[in-house]
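J.: Have a look at this one before I ask anything.
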Amino acid sequence: MAPKRQTIRDHSAEANLFARRAFISGLFVVFFMGLILLNLYNLQINQFEDYQTRSNGNRIKLLPVAPNRGLIYDRNGVILAENRPVFSLEVITEQVDDLEATINDLASLMNLSEEEIQEFHSERKKLRRFKPVALRKHLSHQDVALFSANQHKFPGVSIEARLSRHYPFEDSLTHLLGYVSRINKRDLEHLEATDQAANYADTHDIGKQGIEKYYETMLHGQVGYQQVEVNNQGRIIRVLDFQPPIPGQDLVLNVDIKLQQKVQEQLEGKRGAIVISDPRTGSILALYSNPSYDPNLFVDGISQKEYSKLINSRASPLLNRATQGRYPPASTIKPHLALLGLEKGIIDKDSTIRDYGTYRLRNVDHVWRDWKKGGHGVVDVTKSVEVSCDVFFYDLAYKLGIDNIHEGMTKFGFGQFSGIDLNEESAALMPSRGWKRARHNEPWYIGDTIPVGIGQSFWNVTPLQLVQSLNILINRGMRHNPQLLRGVLQENQLVEQPIKSTRAVEVHKPENWDIVLDSLYGTVNRKHGTARNAFRNTDYISAGKTGTAQLFSVGQDEEYEEENVSLYLRDNAMYIGYAPYDKPEFSIAIAIENAGGGSSNAAPVARSLMDFYFEQQQGVIAQSANSPNTAVNSQ
Amino acid sequence: MTELKTNKATYLERLHIDAFLLFCLLSLMFVGLLTIYSSGGQEMDLVYRQLIRLGLALTVMFALAQVPTLFLRRISVYAYGIGVFMLVGVLLFGDMGKGAQRWLDLGFVRFQPSEIMKLAVPLMLAAYVSRRSLPPKFSTILIGFGLVFIPTILIAKQPDLGTSLLIASSGIFVLFLAGLSWKLITVIAGLGGAFTPIMWFFLMKDYQKQRVTTFLDPESDPLGSGYHIIQSKIAIGSGGLDGKGWLQGTQSQLEFLPERHTDFIFAVFSEEFGLIGVIGLLIMYLFIIFRGLYIASRAQDPFSKLLAGSITLTFFVYVFVNMGMVSGLLPVVGVPLPLISYGGTSMVTLLAGFGILMSISTQQRLLSR
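Read top to bottom, the protein sequences are chains S and R. Numbering follows the numbering used here, with no gaps: position 268 of the first sequence is 265. Plus 10 on top of the position in the second sequence (first one is 1) and you've got the numbering used here.
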């Protein structure tokens, strides 16, 4: 099988051939290596900066750091909304050698429930192994102490603290402060639409209602950034730079928490609202709506059960009755109408009517009754307010006409937003011809006008509007914007908000103010005054007006009997008042639903609150008199 | 005593060791260990394991250096035969690993028959072609191509594009060095061009096609299959002229770079040592390649020449393909950077090749003396 040799091998020729081919191969090698080198030169020299930027972009991340939310204080520096650390037990799966054994040990140590463990496992599966997963979200102090003592046995398990909003006064301030809660999809859309999404990048909660919502921008602050180096998993390797967040501003409210709590106490078990203000500035000293609820429930996410309880309650605890509750003002607006009548020249100080207990119009069958059977006899404007004569005001309303009333009462802020620093507000309703046409597609009948004189017939107001209209009376036409925010703290100094004032009501005869204010004085202090009983023997002199709003139409020939009327159709008790009469610093509006008459059910409430307020003031004066510092300062 | 001193070089030669080649190999291995340490999260574990492999591979190299080329020539046909037989076996009974059938389990040992073919093909081709006088006749070339074609197809079917490419080139290099006429080279190149679409549509698996499309436009899929190549180019590019420094490469230390200690180790090296380091590395490789070509051209018989030349040029293909793919010049095929990349089997085969090269180098020098 030896191969046949046809030619003799030429070894040197073969060697030359091979050498040539080897040489060519060498050239190829050099050429291709050159190609590689050229490419690398291009990458590492020509495009170096581009790739360096991309390499840094890979590894350097900006992590947002949420600012601390501003605190909220009452006018005396009592904290109303604070940030409390909440502790949670967290596990970093990656750092735990035997997860199952660790969880078992923890379960017996901390008494973990089956649900907590299950939730932990389902949460764990969604996150990367180096991310902490909460095993229990709200640790009690005992939990913290218990775990801390045993921490060494659990590598990879730790207690983490986060700041969470807390409202120490719970349901006392709910409608006023509102609350914060987790940022939801709708909030996020709003933040994106207003270009604030970046500022909230690391923020957990956002103001949902009340002061928390209205002053969200001031309370929130500015996000900070942490520049970190991360690996391909997003794990932080080290911190390169830190730009601290700017915390939110601390707010000081006009509210006096002690007074607010007193108000709450007064409304215990009732449905209604009370607003107390300082007529000199429009400051809101107390604003409370009952029933209320604990806003802390919403901070950590309210359970479905709790929420449906709130939303389905017939007493509507979610409603802020002080600013959204729409009540017929009843007799509380008689002084306002009186002023309007005096100014329009329809009545003067001495005009009288004779009240037999009923009011009729020519050619009209309907009879309008006075609340007092048999009537008040001969009354002038002052007495009509004091005794709350209905017939006088039926007649006045008839003579004024709805157009005058609408125009005049709108100036007192009825049917208008008050401008208070809350988003939850209703403008309520000041009826007019136009409104009735638009709303009911009916003309305004003369019969509609008559009950407007006693604050009924479509007319409704919020307690806040009532106190504001009272303040306009007290201030003889000046209107100060109702204001919850007193100022902000800057470096521990209070920077006060300016008072926003306008002249709301102009008069031709300033003495008309005196007539009206005097009638309010009489209501409380003169013989037949409807609030006289409630305000017997006070240390201060106050003035006011009662109101009783009918919710149930009594037939023309029937008597209203409380026992026969269902609870939710009983009269609302209303009261507006202020003190001291000569130098007012306290004004109040009260609405208590289905409580009965205003003189016996609302006026006494106003009395006890005024008593409380002036006792407190007395205390403050006594204290500062005894204190040597203030004595020196006051010299 | 004096005799020993003067014969120190001879002493290495007696062990059939090419000192210069050995020096270059060891230097690159050292660079490899440094880079593996850096890319492997600075754990000595990987380094130890690589050291063991290097030890094994060097042993194989020393052993093969002692084997006379005549013997290799004699066993070449058997090695080839057994190799092909096992490749068929792999296709029929092989284990799946990473979605490709490459491993053969013989009960006591698992290995990749394709590694055997890396040496068996150039052996077979060199032995076959050198039986007749050179340049080879057309029929010899035709059969030669057939011999290359069979294992190439079998390996490509596994599928292992990288290895089949290396094996095909090792055979083709033998034919080229043997004096394949330029006319035929032109024709083959033309046929190769015509064959490409056939490969694309009938032979390549989806993931291989993906590699090619990704190669053509890596940015089209930056988080998917383009991720490797983009991250690799970022690593290389951000290395700049003098690199970020050993252990300082952020792309590799922060694990943005995939396959850091195996196929993409060149990107780690480039990031940390920069263009200067890369040039140094290329020079070391060129030294080895030129030394190999020198040994080939000085070999005494055609078989040895062809074999040495083929082994050397295949080594170059390794280097070129790996660097090309890591720097985005070529599509990603699984070819490690020789002597640097972490990995076992291919290292052993590679050094076995160098063992043969040393055997050729030293034996013939000894003979010629």
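Think of the CB as a built atom: it goes at the ideal place given N, C-alpha and C, for glycine as much as any other residue.
Compute the distance between the beta-carbons of His26 (chain R) and Thr359 (chain R), then report whether it is under 8 Å.
T.: Result no, Cβ atoms of His26 (chain R) and Thr359 (chain R) do not sit closer than 8 Å.
J.: Could you compute how far the alpha carbon of Gln613 (chain S) sits from the alpha carbon of Ile271 (chain S)?
T.: Near 19 Å, if we compare the C-alpha coordinates of Ile271 (chain S) and Gln613 (chain S).
J.: Could you tell me whether the Cβ of Arg235 (chain S) comes closer than 8 Å to any Cβ of chain R?
T.: Not closer than 8 Å to any Cβ of chain R, the Cβ of Arg235 (chain S) fails to qualify, so no.
J.: Out of R:Trp210, R:Lys243 and R:Thr272, state which residue places its alpha-carbon closest to the alpha-carbon of Gln60 (chain R).
T.: Closest by alpha carbon: R:Thr272.
J.: From the beta carbon of Phe45 (chain S), is the nearest beta carbon of chain R less than 8 Å away?
T.: Cβ-Cβ to chain R under 8 Å: yes for Phe45 (chain S).
J.: Got a sec? Which residues, its chain only, sit under 7 Å from Ala424 (chain S) by beta carbon, not counting five neighbours each side?
T.: Once the five neighbours on either side are set aside, the close Cβ partners of Ala424 (chain S) are Gly412, Gln413 and Phe414.
J.: Apart from the five residues just before and just after Ala136 (chain R), which ones in its own chain have a Cβ nearer than 6 Å to its Cβ?
T.: Cβ neighbours of Ala136 (chain R) beyond the five flanking positions: Val184, Phe313, Leu316 and Leu317.
J.: CA-CA distance, Leu187 (chain R) and Gln92 (chain S)?
T.: Going from the Cα of Leu187 (chain R) to the Cα of Gln92 (chain S) covers about 59 Å.
J.: Is the CB of Phe186 (chain R) under 8 Å away from at least one CB in chain S?
T.: For Phe186 (chain R), the answer is yes, since a Cβ of chain S falls inside 8 Å of its Cβ.
J.: Restricting to Cα atoms, I'd like to know which of R:Gln241, R:Tyr58, R:Ala166 and R:Gly302 is closest to Phe212 (chain R).
T.: Per the Cα distances, R:Ala166.
J.: Pull up the CB-CB distance for Ala19 (chain S) and Ser307 (chain R), whole angstroms please, since I reckon it's below 8 Å.
T.: Indeed, because the Cβ distance is near 5 Å, the residues count as touching under 8 Å.
J.: Give the C-beta separation of Leu307 (chain S) and Ala283 (chain S) to the nearest angstrom, bearing in mind that I take them to be a contact with Cβ-Cβ under 8 Å.
T.: Incorrect: roughly 23 Å between the Cβ atoms, too far for contact.
J.: Show which residues of chain S have a CB atom less than 9 Å away from the CB atom of Phe330 (chain R).
T.: Within 9 Å Cβ-Cβ: Val26, Phe29, Met30, Leu32 and Ile33.
J.: Between Ile286 (chain R) and the ligand NAD, is the CB less than 7 Å from at least one heavy atom?
T.: Summarising the ligand content, the structure contains no ligands, and the ligand NAD is consequently not present.
J.: Between Ala(-1) (chain S) and the rest of its own chain, which residues show a CB-CB distance below 8 Å, the 5 nearest in sequence each way excluded?
T.: Confidence in Ala(-1) (chain S) is poor, its pLDDT being 46 and thus under 50, which makes the residue's placement unreliable; the coordinate value appears in the next sentence. Nothing listed; no residue qualifies.
J.: Let's test the definition: count the other Cβ atoms within 10 Å of the Cβ of Asn522 (chain S) and tell me whether it reaches 16, buried, or not, exposed.
T.: Asn522 (chain S) comes out buried.
J.: Just to confirm the assignment, what range does the alpha helix (DSSP H) spanning Gln263 (chain S) have?
T.: First-last of the alpha helix (DSSP H) with Gln263 (chain S): Ile254 to Leu264.
J.: Could you tell me the boundaries of the alpha helix (DSSP H) in which Gln392 (chain S) lies?
T.: Here residue 392 (chain S) is Asp; the residue named in the question, Gln, does not match the sequence. Asp392 (chain S) -> alpha helix (DSSP H) spans Asp387 to Lys408.
J.: Classify His138 (chain S) as buried or exposed, calling it buried when 16 or more other Cβ atoms lie within 10 Å of its own Cβ.
T.: The residue in question, His138 (chain S), is exposed, as its Cβ has fewer than 16 Cβ neighbours within 10 Å.
J.: Specify the secondary structure class of Ala277 (chain R) as computed by DSSP and reduced to three states.
T.: Ala277 (chain R): helix per DSSP, three-state reduction.
J.: Is it the case that the stretch 427 to 440 of chain S contacts the stretch 232 to 249 of chain S, given that we only count it when at least three CB pairs across the two stretches are under 8 Å?
T.: No: fewer than three Cβ pairs fall under 8 Å.
J.: Would you say Gln261 (chain R) reaches chain S, if we count a Cβ-Cβ gap shorter than 8 Å as a contact?
T.: Yes - at least one Cβ of chain S is within 8 Å of the one on Gln261 (chain R).
J.: In terms of residues, what are the limits of the alpha helix (DSSP H) holding Asp275 (chain S)?
T.: Premise fails: Asp275 (chain S) lies in the beta strand (DSSP E), Gly269 to Asp275, not in any alpha helix (DSSP H).
J.: What separation, rounded to the nearest whole angstrom, lies between the Cα atoms of Ala89 (chain R) and Gln258 (chain R)?
T.: Taking the straight line joining both Cα atoms gives about 46 Å.
J.: Below 8 Å between beta carbons: does that hold for Leu339 (chain S) and Asp345 (chain S)?
T.: Closer than 8 Å, so yes.
J.: Could you list which residues in chain S have their beta carbon closer than 7 Å to that of Val288 (chain R), in chain order?
T.: What Val288 (chain R) touches in chain S: Leu37.
J.: Take Ala245 (chain R) and list the residues in its own chain whose beta-carbon comes closer than 6 Å to its own, dropping the five residues that flank it on each side.
T.: Excluding sequence neighbours, Ala245 (chain R) sits near Gln261, Leu267, Ala277 and Glu281.
J.: Scan the stretch 189 to 246 of chain S and note each continuous beta strand (DSSP E) run of 3 residues or more that stays entirely inside, going in chain order.
T.: Runs found: 202 to 204, 221 to 227 and 233 to 240.
J.: Tell me where the alpha helix (DSSP H) around Tyr572 (chain S) begins and ends.
T.: Segment Asn569 to Ala576 is the beta strand (DSSP E) holding Tyr572 (chain S); no alpha helix (DSSP H) there.
J.: For Gly255 (chain R), decide whether its Cβ has a neighbour in chain S, counting only Cβ atoms nearer than 8 Å.
T.: By this cut-off, Gly255 (chain R) is not an interface position.
J.: Rank S:Gly266, S:Phe84, S:Val249 and S:Ala16 by C-alpha distance to the C-alpha of Leu486 (chain S) and give the top, closest one.
T.: The residue with the shortest Cα to Cα distance from Leu486 (chain S) is S:Val249.
J.: From this set, R:Lys128, R:Met357, R:Ser369 and R:Leu367, which residue's C-alpha is nearest Gly65 (chain R)'s C-alpha?
T.: The candidate whose alpha carbon is nearest that of Gly65 (chain R) is R:Met357.
J.: Assuming Leu44 (chain R) contacts Trp256 (chain R) (C-beta within less than 8 Å), just tell me the rounded distance between them.
T.: So it is a contact: roughly 7 Å between Cβ atoms.
J.: Measuring alpha carbon to alpha carbon, tell me which of S:Gly541, S:Val464, S:Val83 and S:Ile402 ends up nearest Asp297 (chain S).
T.: Answer by Cα proximity: S:Val83.
J.: Could one say the Cβ of Ile42 (chain S) lies closer than 8 Å to chain R's Cβ atoms, at least one of them?
T.: With 8 Å as the cut-off, Ile42 (chain S) counts as an interface residue toward chain R.
J.: Label Met54 (chain R) either buried or exposed according to how many other C-beta atoms from any shown protein chain fall within 10 Å of its C-beta, with 16 as the threshold for buried.
T.: The residue is exposed, with fewer than 16 neighbouring Cβ atoms inside 10 Å.
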